[in-house]
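In this note's numbering, the protein residues as written are 29 to 115.
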């Protein structure tokens, strides 16, 4: 196993996402975690536009399931802020 294997990480995230999509659970709360993980991987690869889109997807799903002051919402907002800070 190689550290920072972004291709393998992305493959795992996409496989998990496909499982949820096949189960017609595209707005399941766990999908927010998947989008967040993909966004973090994309940030590490300097794919900032894609990362920003996936942080936003994650946040949109969280807004459907969580209260506005839930700590998990903050993680995506921090990620979005980091992208804006970097670019």
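Glycine included, each C-beta is placed from N, C-alpha and C at the ideal position.
Everything numeric in this text was worked out from a predicted model, so none of it was measured.
Practice item. Express the C-alpha separation of residue 40 and residue 46 in angstroms, rounding to a whole number. Key: Position 18 of the chain shown, counted from the first residue, corresponds to residue 46. Position 12 of the chain shown, counted from the first residue, corresponds to residue 40. Cα to Cα, the separation comes out at about 10 Å.
Point to revise | Sequence-distant residues of the same chain with beta carbon closer than 6 Å to residue 111, five excluded per side | key: Here residue 111 is taken as the residue at index 83 of the chain shown, counted from 1. Non-local beta-carbon contacts of residue 111 in its own chain, meaning distances under 6 Å to residues more than five positions away in sequence, involve 76, 79, 80 in chain order.
Check your understanding: For residue 66, which residues of its own chain have a beta-carbon under 6 Å away from its beta-carbon, when the five flanking residues on both sides are left out?
Key -> Counting from 1 along the chain shown, the entry for residue 66 is found at position 38. The answer, listed in chain order, is 41, 82.
Practice item. Could you tell me whether any Cβ in chain C is nearer than 9 Å to the Cβ of residue 114? Key: Absent from the structure: chain C. Only one protein chain is present.
Point to revise | Range covered by the alpha helix (DSSP H) that runs through residue 105 | key: As a working note, residue 105 is residue 77 in the chain shown. Run containing residue 105: 99-114, per the alpha helix (DSSP H) assignment.
**Study point:** Between the CA atoms of residue 97 and residue 60 - distance to the nearest angstrom
**Key:** Here the question's residue 60 lines up with position 32 in the chain shown. Here the question's residue 97 lines up with position 69 in the chain shown. Residue 60 and residue 97: Cα-Cα distance of roughly 16 Å.
Check your understanding: Is the beta carbon of residue 52 sitting closer than 9 Å to the one on residue 92?
Key -> The residue labelled residue 52 in the question sits at position 24 within the chain shown. The residue labelled residue 92 in the question sits at position 64 within the chain shown. Not in contact: residue 52 and residue 92 (Cβ atoms no closer than 9 Å).
**Study point:** Residue closest to residue 108, alpha-carbon to alpha-carbon, out of 37, 63, 95
**Key:** Position 80 of the chain shown holds residue 108. Nearest of 37, 63, 95 to residue 108, Cα basis: 63.
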